[in-house]
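Asks:
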Amino acid sequence: MRRKEKEISERSEIETIILKSIVCRVGLSCDNIPYIVPMCFGYQDNAIYVHSSLEGSKIAMLQKNNNVCFEFDGDTEIVQGDQACAWGMRYRSVIGFGKAYFLKEPDEKRKALEVIMAHYSDLSFEFPEKSINRTAVIKIAIQSMTGKKSGM
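Numbering (the working numbering), first residue to last: -7 to 144.
In structure tokens:
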């Protein structure tokens, strides 16, 4: 990172940003065309879990290229200035890279969906086999990630 004073290197602080986030933006690339999609997610044991329908652009792209980039952000706020170039943004963010894998086994998919739902709710949920079978569940194995803050 070029601006070392903005770097967040403490793993616990990076994980706090992830756990406070509502959305994970996942960046994909296929045939030199970038694609970014906001997704609901769960985070556990250095992995991000997301789900999708079984077909669509992101599924087709991931089948061709499972390298992904991901982004989380929070504590965002516009900082006003007296001139245009004096304006800025307060934020904390995490950007990382990983490999996406489609989970195949129903028990694996169910556990991953539980991780996703636990991110948003304290309630317990049932996942009928019919739902499991018509849902793509993707594990992003994190290879690296860095945190950054500005205006904090």
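Glycine included, C-beta positions come from ideal geometry on N, C-alpha and C.
With a threshold of 6 angstroms on Cβ separation, who are the neighbours of Phe89 within its own chain once the five nearest residues in sequence on each side are excluded?
Replies: Mapped onto the sequence shown, residue 89 falls at position 97. The residues are Cys61, Gln135 and Ser136.
Asks: Who pairs with Pro26 in a beta bridge, going by DSSP?
Replies: Stepping through the sequence shown from its first residue, residue 26 is reached at position 34. Beta-bridge pairing links Pro26 to Ser21.
Asks: For Ser4, count the other beta carbons within 10 Å of its own beta carbon; 16 or more makes it buried, fewer makes it exposed. Which is it?
Replies: Along the sequence shown, read from residue 1 onward, the residue named residue 4 stands at position 12. When all chains shown are included, Ser4 counts as exposed.
Asks: For the beta strand (DSSP E) containing Lys96, list its first residue and its last residue.
Replies: Position 104 of the sequence shown holds residue 96. Unbroken run through Lys96: none, as it is neither H nor E.
Asks: Does Val15 come out as helix, strand or coil in the three-state DSSP assignment?
Replies: Your numbering for residue 15 matches position 23 in the sequence shown. Coil, per DSSP.
Asks: Starting from Ala133, follow the beta strand (DSSP E) in both directions and report where the run begins and ends.
Replies: For this step, residue 133 is matched to residue 141 along the sequence shown. Where Ala133 is concerned, the enclosing beta strand (DSSP E) stretches over Ala128 to Ser142.
Asks: Rounded to whole angstroms, what's the CA-CA distance from Asn58 to Arg84? Just pull it up for me.
Replies: As a first step, residue 58 is located in the sequence shown; it is residue number 66 there, counting from the start. As a first step, residue 84 is located in the sequence shown; it is residue number 92 there, counting from the start. Taking the straight line from one Cα to the other gives about 27 angstroms.
Asks: Taking buried to mean at least 16 other C-beta atoms within 10 Å of its own C-beta, is Met53 buried or exposed?
Replies: Indexing the sequence shown from 1 puts residue 53 at position 61. Under this definition Met53 is a buried residue.
Asks: Does Glu69 come out as helix, strand or coil in the three-state DSSP assignment?
Replies: Within the sequence shown, the letter at position 77 stands for residue 69. DSSP places Glu69 in strand when its eight states are reduced to three.
Asks: Helix, strand or coil for Ser4, going by three-state DSSP, please let me know.
Replies: Within the sequence shown, residue 4 is the residue found at index 12, counting from 1. If DSSP states are grouped into helix, strand and coil, Ser4 belongs with the helices.
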